[in-house]
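J.: Numbering (this note's numbering), first residue to last: 188 to 688.
We treat Cβ as the ideally placed atom computed from N, Cα and C, and that holds for glycine.
Below is the structure:
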């Protein structure tokens with residue numbers, strides 16, 4: 188049976204979000220409520236069918252935070268003004284422009300709105316099923332599947348609100364609306380953790396198959412959903428700290444447990460460049476738009492300049508000249524397999540936003556921007572496990588993971604000694620994350636640099652609540668970032684450049 192698509196649940200979720208922001212208790216009588224549109228199995232499935240697609244598209248949207256987080260982390264660079272990516276890479280770092288009339292305000296507003304759309308719709312689904320012991324569709328009880336799925340979506344939705352913003356409104360299934368109070372990022376992440384724990388528990392104790400349309404191109408059973416939820420939870424629990432001080436509060440035992448329960452195959456939704464999109468990746472690997480920041484080139488080859496000179500001439504090379512295509516000398520095979528020389532295709536200023544190399548690893552996908560894209564890889568999960576092991580005292584086991592992973596299989600680098608000190612083991616883990624995880628999940632390099640106190644001084648450590656939301660609620664607009672605001676709590680107080688000197 189082909190289910191009819193119903194647009195009302197998503198609209199209702201958006202309306203509820205707007206009501207919360209505006210503080211209005213009046214429900215528009217011309218719009219259906221959750222009970223009107225989620226009464227039947229078809230309607231529940233139609234609502235659930237859109238959830239991950241909406242979240243994935245928002246997380247990978249060109250008009251979202253993906254590109255600017257990559258440039259703020261000095262992972263990628265561009266001289267293009269698109270999507271605040273250039274603004275977030277300016278040196279010295281500038282405050283994030285949180286005014287509603289900022290031309291690139293969509294990078295924050297769109298993701299905030301999309302996140303609430305999916306989490307509130309997930310709540311609607313959970314609420315609609317509460318008084319039903321079973322929900323049969325095609326002679327199968329789909330309630331366990333829908334329940335696990337809704338909690339999973341709510342978990343990643345709130346997880347990323349907690350990773351990206353300083354605070355957010357936590358709305359549970361029966362929270363009295365409107366929810367006007369903000370919870371700080373620690374509370375938001377804790378709520379996401381509870382949701383993912385619930386999703387894992389339900390999926391682990393039931394047998395079901397997700398409908399094929401839930402995740403394009405991916406067939407997933409209950410155990411697969413539990414593994415995926417565990418991987419996302421490990422990512423979120425390791426990534427939330429805003430600075431090195433926060434790192435002491437990470438539950439590394441739980442990160443390890445969830446990483447070990449995580450995906451055993453790369454999770455790769457299939458984009459079609461129509462309804463399932465990875466727009467940010469298209470720009471990220473485009474020769475015209477972006478390239479690999481010299482900070483990363485310096486990681487691959489310690490003799491490579493880590494920064495483009497501000498005057499475009501004072502190069503940190505033996506002869507004082509700009510590197511040519513033969514200059515890079517890396518022991519890592521991925522410097523050849525994954526990167527392509529560009530001969531400085533971005534002649535704009537500021538000069539320090541230029542680079543010589545681009546990522547070519549996914550060029551086959553880029554032809555049509557269609558096909559499988561790595562969103563959550565076994566490499567990421569393994570590296571999370573390695574970090575958790577290292578931080579809980581088992582550096583030898585962490586080294587074993589590195590020696591059996593992409594460091595050797597793709598990088599052809601020598602195996603590490605099991606007796607390496609913790610600091611060197613962690614450096615090897617983060618090196619591997621920088622090289623392997625480009626163009627995968629949203630914000631990974633930014634989160635890694637943030638929690639290690641490596642973001643350039645003046646870089647915002649998180650985004651404020653979008654200015655338009657604050658204006659609607661009658662609250663003052665605020666922001667973070669800029670070297671004059673470098674407190675190490677909301678704005679980076681110093682980073683990798685200082686440590687290089």
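1) In angstroms, rounded to a whole number, what distance separates the CA positions of residue 376 and residue 383?
2) Starting from residue 305, follow its DSSP beta bridges and name the residues at the other end.
3) Just how far apart, CA to CA, sit residue 407 and residue 239?
4) Just list the beta strand (DSSP E) runs in the segment 478 to 557, keeping only unbroken ones of 3 residues or longer that don't cross its boundaries, in chain order.
5) Specify the secondary structure class of residue 263 as computed by DSSP and reduced to three states.
6) Check the DSSP bridge columns for residue 355 and list the partner residues they point to.
7) Of the residues 309, 459, 672 and 399, which one's Cα is nearest the Cα of residue 557?
8) What are the boundary residues of the alpha helix (DSSP H) that residue 419 is part of?
9) Once the 5 residues before and after residue 341 are set aside, which same chain residues still bring their CB inside 6 Å of it?
10) Evaluate contact between the segment 467 to 478 and the segment 552 to 566, counting only Cβ atoms and requiring at least three cross-stretch pairs below 8 Å.
11) Taking the C-alpha atoms as reference points, what is the distance between residue 299 and residue 324?
12) Is residue 230 helix, strand or coil by DSSP?
13) Are the CB atoms of residue 428 and residue 638 nearer to each other than 7 Å?
14) By Cβ distance below 7 Å, which residues in the same chain neighbour residue 680 in space, the five residues on each side in sequence not counted?
15) If residue 559 sits next to residue 404, beta carbons under 8 Å apart, how far is it from one beta carbon to the other, in whole angstroms?
16) Is residue 513 buried or exposed, if buried means 16 or more other CB atoms sit within 10 Å of its CB?
17) What whole-angstrom Cβ distance do residue 260 and residue 633 have, given they're in contact under 8 Å?
18) Around the C-beta of residue 449, are 16 or more other C-beta atoms found within 10 angstroms, so that it is buried, or is it exposed?
19) Counting only runs of 4+ residues fully inside the segment 321 to 353, write out the alpha helix (DSSP H) ranges in chain order.
20) Between the segment 475 to 492 and the segment 247 to 266, can you find at least three pairs of beta-carbon atoms closer than 8 Å?
21) Determine the burial state of residue 510: buried for a count of at least 16 other Cβ atoms within 10 Å of its Cβ, exposed for fewer.
22) Please list the segments of the beta strand (DSSP E) lying wholly inside the segment 587 to 622, counting only runs of 3 or more residues, in order along the chain.
23) Out of 468, 368, 451 and 345, point me to the one whose CA is closest to residue 657's CA.
24) From which residue to which residue does the alpha helix (DSSP H) around residue 447 run?
25) Can you find a heavy atom of the ligand PLP that lies under 6 Å from the Cβ of residue 421?
26) If distances are taken between C-alpha atoms only, which option among 233, 580 and 525 comes closest to residue 443?
T.: Concretely, from the data shown:
1) For the purposes of this step, residue 376 is identified with residue 189 of the chain shown, where counting begins at 1. For the purposes of this step, residue 383 is identified with residue 196 of the chain shown, where counting begins at 1. When rounded, the distance between both Cα atoms is 10 Å.
2) For this step, residue 305 is matched to residue 118 along the chain shown. Residue pairing for residue 305: DSSP places it in no beta bridge.
3) Within the chain shown, residue 407 is the residue found at index 220, counting from 1. Within the chain shown, residue 239 is the residue found at index 52, counting from 1. Spanning the two alpha carbons is a distance of roughly 13 Å.
4) Uninterrupted beta strand (DSSP E) stretches at least 3 residues long and entirely within the segment 478 to 557 occur at 526 to 528 and 544 to 546, given in chain order.
5) Your numbering for residue 263 matches position 76 in the chain shown. DSSP places residue 263 in strand when its eight states are reduced to three.
6) For this step, residue 355 is matched to residue 168 along the chain shown. Under DSSP, residue 355 takes part in a beta bridge, and its partners are 370.
7) The residue labelled residue 557 in the question sits at position 370 within the chain shown. Of the residues 309, 459, 672 and 399, the one whose Cα lies closest to the Cα of residue 557 is 459.
8) Within the chain shown, residue 419 is the residue found at index 232, counting from 1. Under the DSSP assignment, residue 419 falls in the alpha helix (DSSP H) whose first and last residues are 409 to 426.
9) Working through the chain shown from its first residue, we reach residue 341 at position 154. The beta carbon of residue 341 is closer than 6 Å to those of 306, 309 and 382 in its chain, skipping five residues each way along the sequence.
10) Contact between the segment 467 to 478 and the segment 552 to 566 is present: 3 or more CB-CB pairs across the two stretches fall below 8 Å.
11) As a first step, residue 299 is located in the chain shown; it is residue number 112 there, counting from the start. As a first step, residue 324 is located in the chain shown; it is residue number 137 there, counting from the start. Between residue 299 and residue 324, the C-alpha separation is close to 33 Å.
12) To locate residue 230, count along the chain shown from 1; it is residue 43. Three-state DSSP puts residue 230 in a helix.
13) Position 241 of the chain shown, counting from 1, holds the residue named residue 428. Position 451 of the chain shown, counting from 1, holds the residue named residue 638. In this structure, residue 638 lies closer than 7 Å to residue 428 by Cβ.
14) Reading the chain shown from its first residue, position 493 is the one you call residue 680. The beta carbon of residue 680 sits closer than 7 Å to those of 644, 673 and 674, all from its chain and outside the five residues before and after it, given in chain order.
15) Here residue 559 is taken as the residue at index 372 of the chain shown, counted from 1. Here residue 404 is taken as the residue at index 217 of the chain shown, counted from 1. That pair is a contact at about 6 Å.
16) Here residue 513 refers to the residue found at position 326 of the chain shown. With fewer than 16 Cβ atoms within 10 Å of its Cβ, residue 513 is classed as exposed.
17) Here residue 260 refers to the residue found at position 73 when the chain shown is read from its first residue. Here residue 633 refers to the residue found at position 446 when the chain shown is read from its first residue. Right, their Cβ atoms sit about 4 Å apart.
18) On the chain shown, residue 449 is found 262 positions in, with the first residue counted as 1. When all chains shown are included, residue 449 counts as buried.
19) Here the runs fully enclosed are 330 to 351.
20) By the C-beta criterion, the segment 247 to 266 is judged to be in contact with the segment 475 to 492, since at least 3 inter-stretch pairs fall below 8 Å.
21) Counting from one through the chain shown, the residue named residue 510 turns up at place 323. Of the residues assessed, residue 510 falls on the buried side of the cut-off, its CB having 16 or more other CB atoms within 10 angstroms.
22) Fully contained in the segment 587 to 622 is no beta strand (DSSP E) run of length 3 or more.
23) For this step, residue 657 is matched to residue 470 along the chain shown. Checked all of 468, 368, 451 and 345; the closest Cα to residue 657 is 368.
24) Counting from one through the chain shown, the residue named residue 447 turns up at place 260. First-last of the alpha helix (DSSP H) with residue 447: 439 to 447.
25) Inclusion of the ligand PLP in the displayed structure is not the case, the ligand content being empty and no account of it being possible.
26) Your numbering for residue 443 matches position 256 in the chain shown. For residue 443, the closest of 233, 580 and 525 by C-alpha to C-alpha distance is 580.
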